[in-house]
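A short write-up of the structure that comes next.
Protein chains: 4
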Amino acid sequence: MFFTIDPDNGLAIYDQIMRQVKFAVASGALQAGQRVPSLQELSAQLALNPNTVARAYRELQAEGVLEMVRGVGLEISSKAVKRCQQERDALIRERMRSVLTEARQSQFDDAELQRMFDEELALLSESSRMAASKTRKR
Amino acid sequence: MFFTIDPDNGLAIYDQIMRQVKFAVASGALQAGQRVPSLQELSAQLALNPNTVARAYRELQAEGVLEMVRGVGLEISSKAVKRCQQERDALIRERMRSVLTEARQSQFDDAELQRMFDEELALLSESSRMAASKTRKR
Amino acid sequence: MFFTIDPDNGLAIYDQIMRQVKFAVASGALQAGQRVPSLQELSAQLALNPNTVARAYRELQAEGVLEMVRGVGLEISSKAVKRCQQERDALIRERMRSVLTEARQSQFDDAELQRMFDEELALLSESSRMAASKTRKR
Amino acid sequence: MFFTIDPDNGLAIYDQIMRQVKFAVASGALQAGQRVPSLQELSAQLALNPNTVARAYRELQAEGVLEMVRGVGLEISSKAVKRCQQERDALIRERMRSVLTEARQSQFDDAELQRMFDEELALLSESSRMAASKTRKR
DNA sequence: GTGGTCTAGACCACC
DNA sequence: GTGGTCTAGACCACG
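These protein sequences, in sequence, are chains A, B, C and D.
Take 1 as the starting number for the first sequence in this note's numbering and just add one per residue.
Take 1001 as the starting number for the second sequence in this note's numbering and just add one per residue.
Take 2001 as the starting number for the third sequence in this note's numbering and just add one per residue.
Take 3001 as the starting number for the fourth sequence in this note's numbering and just add one per residue.
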């Protein structure tokens, strides 16, 4: 498991950790029942204070994403997977709606929006293709 | 000028004011040279602490969107219009890109994304049509 | 609002604060919309670190008992009252059941239990009467 | 001897073991002089870390409930029975008092409390009757 | 003034 | 070894 933290992100660090855990669960990178890095491990790896990681984990427990196994550590709750996926999908749709709403208010018409959508999608595919070929070369 | 403020928006109130001013400039609702409501007027109208409005206006001055005219008040800078439009367009494109990026990372494929895009756009057109017809009836 | 904290209670201090807030809400001592003491006030009054109080308040927010009003403070959510009452009642009934269950397993019969119940209730009424008369004298 | 352990009980596992041993002594399920399962047996049976069982036994020895008999194992101390019973009774009375106190503070009046008491007792008798008839059928 | 976040480091209970 | 709790004190954003 690798997390990337950006302290200047606007989002609180504990929140970034929470999101990345949920995202990993939703995408299957973290399976139900799988252990999550210990407080000590993760705080060392990310060069953070253990309390910061502890807060993220504590709130993930409160949300039912993580479960504690005494003397062992924290692991992904089996009930969490579906919820994380739904949460992620709802989030994306919500953001899509918000972008389109704002664009419409700014007098963008459908054709312009479709063009912007296509351009960005193409750009994205391009860059992911490049990343993939880069990986292959390694 | 009518602004709508949502205190539970996550965004700071002063930021919401700034965005709405810039948005109004970009869309032509506020023209260059036009006066902006005074601190007292706006804070009273929005039931906000004058400090909050003051901060928004102060930062808009710093960005060159507003200009102080002695004995008159604050008005829209003539240089501001183009910049606000560019800013708005860049912002929307940026957000579109960010949504698509995140969606791709969540294993959405192009077809699904196009479908979601179309659905949300249709929904939006529908609701704006309804709003329009409602307005016509008044 | 007066809270009493016992550091050697077994329960975490932040938990004691949470319970007492919920209890005060359930019993009507704290009304919906009413402000709760600020972090600084309460931590000073209880001689606690502000972080400890902050955690209690943060989790009460997460549970929907408190709501933040920016620049003002935290206040009792209107939706919280009923939930706090139900929570309190369920808790008491649950504990009553647990005591009776354990007593039954220890071969107490109904008559003995009823006697113990009456004795303790009488004792309780006695002591509350004394407290009341003491208060009256002040 | 059958113990039931609930890892998510709030109570520490070693504490649950201690309570159940004392409870069995108080109720006569474990007689004075009777041997208690060995560390290995009990830890295997309950799927627990032997250290956990060891700690429970160690503290029960310190309290004088268990006695080490060389070459034999741990057995129930003869002095333990009365003390366990008293402890149990005091515990139950204490918990009854605590429930009633809290209920009173929550504005329950005597009639309500008596009703809750009767209901829960009836429920309990009901369920124990059902369990008994179930056992008879086997 | 309000709360929010983070760091640093302590002690504890449990396995 | 695991996480849980608390303290002390810093800095920031917001109103």
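Even glycine gets a Cβ: it sits at the ideal position worked out from N, Cα and C.
For this session: Count the other CB atoms, across all protein chains shown, that sit within 10 Å of the CB of residue 2037 of chain C; report buried if there are 16 or more and exposed otherwise.
Result: buried
Exercise. Just by C-beta distance, which residues in the segment 3001 to 3026 of chain D are closer than 7 angstroms to chain A?
Worked result: 3007
For this session: List the endpoints of the continuous beta strand (DSSP E) containing residue 3076 of chain D.
Result: 3073 to 3076
For this session: Tell me whether residue 3059 of chain D sits in a helix, a strand or coil according to DSSP, three-state version.
Result: helix
Problem set entry | Residue nearest to residue 3034 of chain D in terms of C-alpha spacing, selected from D:3079, D:3043 and D:3062 | D:3079
Exercise. Based on Cα-Cα distance, which residue from A:2, A:51 and A:30 lies nearest to residue 14 of chain A?
Worked result: A:51
Exercise. Three or more C-beta pairs closer than 8 angstroms, one from the segment 1022 to 1030 of chain B and one from the segment 1081 to 1096 of chain B: is that the case here?
Worked result: yes
For this session: Mind listing the chain D neighbours of residue 2116 of chain C? Cutoff is C-beta to C-beta under 7 angstroms, in chain order.
Result: 3093 and 3096
For this session: List the residues of chain C that residue 3107 of chain D touches, going by C-beta distances under 7 angstroms, in chain order.
Result: 2027
Exercise. So residue 39 of chain A is in the alpha helix (DSSP H); what residue range does that whole segment cover?
Worked result: 39 to 45
Problem set entry | Integer Cβ distance of residue 2124 of chain C from residue 3101 of chain D, believed to fall under 8 angstroms | 6 angstroms
Exercise. Is residue 126 of chain A close to chain B, meaning its C-beta is less than 8 angstroms from at least one C-beta of that chain?
Worked result: no
Exercise. According to the neighbour-count rule (16 or more other Cβ atoms, all chains shown, within 10 Å of its Cβ), is residue 1016 of chain B buried or exposed?
Worked result: buried
Problem set entry | Rounded straight-line distance, which links the Cα of residue 1103 of chain B to that of residue 92 of chain A | 7 angstroms
For this session: Quickly, what does DSSP pair residue 1067 of chain B with across the bridge? List them, please.
Result: B:1075
For this session: Could you check the C-alpha separation between residue 3067 of chain D and residue 3126 of chain D for me, to the nearest Å?
Result: 39 angstroms
Exercise. Looking only at DSSP bridge pairs, what is residue 115 of chain A linked to?
Worked result: For residue 115 of chain A, which the question treats as bridged, DSSP gives no partner whatsoever.
Exercise. Taking 8 angstroms as the CB-CB cut-off, is residue 2111 of chain C touching chain D?
Worked result: no
Problem set entry | residue 3017 of chain D - containing alpha helix (DSSP H), residue span | 3013 to 3026
For this session: Return the chain-ordered list of same chain residues with a C-beta closer than 8 angstroms to the C-beta of residue 3040 of chain D, the five sequence neighbours on each side being excluded.
Result: 3050
For this session: Please check if any C-beta of chain B sits within less than 8 angstroms of the C-beta of residue 121 of chain A.
Result: yes
Problem set entry | Whole-Å CB distance - residue 3007 of chain D paired with residue 129 of chain A, under 8 angstroms assumed | Not quite, the Cβ-Cβ distance comes to about 49 angstroms (not below 8 angstroms), so this is no contact.
Exercise. When the distance is taken between beta carbons, is residue 2027 of chain C closer than 8 angstroms to residue 3098 of chain D?
Worked result: no
For this session: Measure the Cβ-Cβ separation of residue 116 of chain A and residue 1096 of chain B and say whether it is below 8 angstroms.
Result: yes
Problem set entry | Exposure label - residue 1072 of chain B; buried when at least 16 CB within 10 Å | exposed
For this session: Measure the alpha-carbon distance for residue 2077 of chain C versus residue 1044 of chain B and round it to whole angstroms.
Result: 26 angstroms
Problem set entry | Residues from the segment 2052 to 2076 of chain C in contact with chain D, defined by Cβ distance under 9 angstroms | none
For this session: Buried or exposed for residue 56 of chain A, please, with buried defined as at least 16 other CB atoms from any protein chain shown within 10 angstroms of its CB.
Result: buried
Exercise. So who's on the other strand from residue 83 of chain A, going by DSSP bridges?
Worked result: Looking at the DSSP assignment, residue 83 of chain A forms no beta bridge with any residue, so it has no partner.
Exercise. Of the choices B:1046, B:1118 and B:1053, whose alpha-carbon is the least far from that of residue 1004 of chain B?
Worked result: B:1046
Exercise. With residue 1121 of chain B and residue 109 of chain A assumed to form a contact (beta carbons below 8 angstroms), what rounded beta-carbon distance in angstroms separates them?
Worked result: Not quite, the Cβ-Cβ distance comes to about 11 angstroms (not below 8 angstroms), so this is no contact.
For this session: With 8 angstroms as the threshold, decide whether the Cβ of residue 155 of chain A is near any Cβ in chain B.
Result: Since the first and last residues shown for chain A are 1 and 138, residue 155 of chain A lies out of range.
Exercise. Thinking C-beta only, is residue 53 of chain A closer than 8 angstroms to residue 172 of chain A?
Worked result: In this structure chain A extends from 1 to 138, so residue 172 of chain A is not present and cannot be described.
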